[in-house]
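First the structure, in the form of structure tokens, and then the observations on it.
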Amino acid sequence: MSEYGMNQQGYSVQPPKKKKSNAPLIVLLVIISLVLVVGFATFVMIIAFALSTKTVSGPEYTGHDGYVAVIYVDDVISTSSESSLFASSSYNHSYTISTVIDLMDDQDNIGILLCINTPGGSVYATDELYLILQEYREYTGRPVYSYCMEMAASGGYYLAAGTDKIIMNRNCTTGSIGVTAGTHIDISGFLEKQGITATQIHVGDNKAIGDMMAPFTDEHMEIYQSVLQETYDQFVDIIVEGRQLKREDVIAMADGRIFSPKQALGNGLIDEIGTYAEACNIFIEDRGWTYDVEFLHYQPDDQMSFSDLLLQASGIRKSSTLDTYLSYVEKPFEGIGYYFDAI
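Take the sequence shown: its letter number 97 is residue 122 in the numbering used here, and every next letter is one higher.
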């Protein structure tokens, strides 16, 4: 039988073609999508697992004369700078704290050299590390020296002031003794001009303190200043005690200004200016140790976070220590968050 029929006029007519089904294509696309989603999820889980398995056990010691643990405080000091999927800071607070705690019961350890390269950071994280280092000194009777590298400003100097001796690189920036609560931006006037009304719902006159959609009053300023003053006094006390200086002399210097190493040496904020190698030698000579003493470096595994991988793939540079800090403290605040200021 012919595939063509005849109409009433005698013309041959081709029957309509059957529409091809899109079902196989849809199924294929669904399968491909599932494979991509599962593959990406697996990739993320592998990276997250790798980042979460950083060990706190440091380098292996095989000597006989003891070793000094070299601990780095590099980058902004913050509890949020942890080993996580999207972390980008090189400072790991929990690792650093755990390392100091573990060293307390390590009989081969004879001291700590704190290598500082930070513009400061959060008050809480900085003081927590300061306190655990003081506990190490009191519990073990072992010394803690600090070597200040490129920057030991504010919170960085806060840590250094609590050590037995401070050796500073000649190109280091230090000082910046003070506390900040960031920058408050009041956009209430702008909103009013645009005909936008912001309504705050709260109980307690100062519960919404710091809200950028409301004016920052004199009372708000007094509240913040009173809190910051306590932290400032705490900072000054640590310098007075650690550096054996008169309180009035410290207050005269503690106005947020920065110092060069020579200036810091002249006003008693540090003990020596030198290189890392010289700092190690000073440590050995001061304690009467032999030069067989080892300096073992404690750092978290050098692994990139997922955000670092994305930045590398896109060709975007990773933020510097100062860039990270400025983005950290200059954002508008809501509620009280305060930091040891940096330059």
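We put the CB at the ideal spot given by N, CA and C, even for glycine.
In this text, all values refer to a predicted model and were calculated from it rather than measured experimentally.
What span of residues does the beta strand (DSSP E) with residue i cover, start to end?
{"i": "residue 320", "result": "319 to 323"}
{"i": "residue 226", "result": "From DSSP, residue 226 is part of no beta strand (DSSP E); its letter is neither H nor E."}
Classify residue i as helix, strand or coil using the three-state DSSP reduction.
{"i": "residue 186", "result": "coil"}
{"i": "residue 300", "result": "coil"}
{"i": "residue 95", "result": "strand"}
{"i": "residue 124", "result": "helix"}
{"i": "residue 193", "result": "strand"}
{"i": "residue 51", "result": "helix"}
{"i": "residue 310", "result": "helix"}
{"i": "residue 101", "result": "coil"}
{"i": "residue 57", "result": "helix"}
{"i": "residue 80", "result": "In this predicted model, residue 80 has a pLDDT of only 45, less than 50, meaning its place in the structure is not dependable; the value taken from the coordinates is given anyway. Looking at residue 80 - three-state DSSP - the assignment turns out to be coil, as it is neither helix nor strand."}
{"i": "residue 63", "result": "helix"}
How far does the alpha helix (DSSP H) with residue i in it reach, from first residue to last?
{"i": "residue 200", "result": "Note, residue 200: premise wrong, no alpha helix (DSSP H); beta strand (DSSP E) at 198 to 200."}
{"i": "residue 252", "result": "243 to 268"}
{"i": "residue 217", "result": "213 to 218"}
{"i": "residue 85", "result": "Premise fails: residue 85 is in no alpha helix (DSSP H) and is neither H nor E."}
{"i": "residue 274", "result": "272 to 278"}
{"i": "residue 287", "result": "286 to 291"}
Keeping to the same chain, check which residues put their C-beta closer than 7 Å to that of residue i; ignore five residues upstream and five downstream.
{"i": "residue 293", "result": "268 and 270"}
{"i": "residue 165", "result": "129"}
{"i": "residue 315", "result": "90"}
{"i": "residue 241", "result": "209 and 211"}
{"i": "residue 115", "result": "99 and 100"}
Tell me which same chain residues have a C-beta within less than 8 Å of the C-beta of residue i, skipping the five on either side of it?
{"i": "residue 158", "result": "125, 137, 139, 169, 184, 187 and 188"}
{"i": "residue 265", "result": "271, 272 and 275"}
Only counting the same chain, and skipping five residues up and downstream in sequence, which positions put a Cβ closer than 6 Å to that of residue i?
{"i": "residue 449", "result": "The question about residue 449 has no answer here: the residues shown for the chain are numbered 26 through 368."}
{"i": "residue 104", "result": "118 and 150"}
{"i": "residue 245", "result": "234"}
{"i": "residue 249", "result": "206"}
{"i": "residue 155", "result": "184 and 187"}
Can you check the segment 128 to 174 for any beta strand (DSSP E) of at least 3 residues that lies completely inside it and give the ranges in chain order?
Counting whole runs of 3 or more residues, the segment 128 to 174 contains the beta strand (DSSP E) stretches 134 to 143.
Taking contact to mean at least 3 C-beta pairs separated by less than 8 Å, is the segment 123 to 136 in contact with the segment 90 to 98?
Contact annotation: the segment 123 to 136 touches the segment 90 to 98, with at least three C-beta pairs closer than 8 Å.
Three or more C-beta pairs under 8 Å: does that hold for the segment 300 to 312 against the segment 203 to 217?
Too few Cβ pairs lie closer than 8 Å, so no.
Quick check: the segment 183 to 191 against the segment 142 to 160, are there 3 or more CB pairs under 8 Å?
In this structure the segment 183 to 191 touches the segment 142 to 160; the number of beta carbon pairs closer than 8 Å is three or more.
So, does the segment 49 to 66 touch the segment 277 to 295, judging by three or more C-beta pairs under 8 Å?
Counting Cβ pairs under 8 Å, fewer than three are found: no touch.
Three or more C-beta pairs closer than 8 Å, one from the segment 273 to 284 and one from the segment 196 to 205: is that the case here?
These segments touch.
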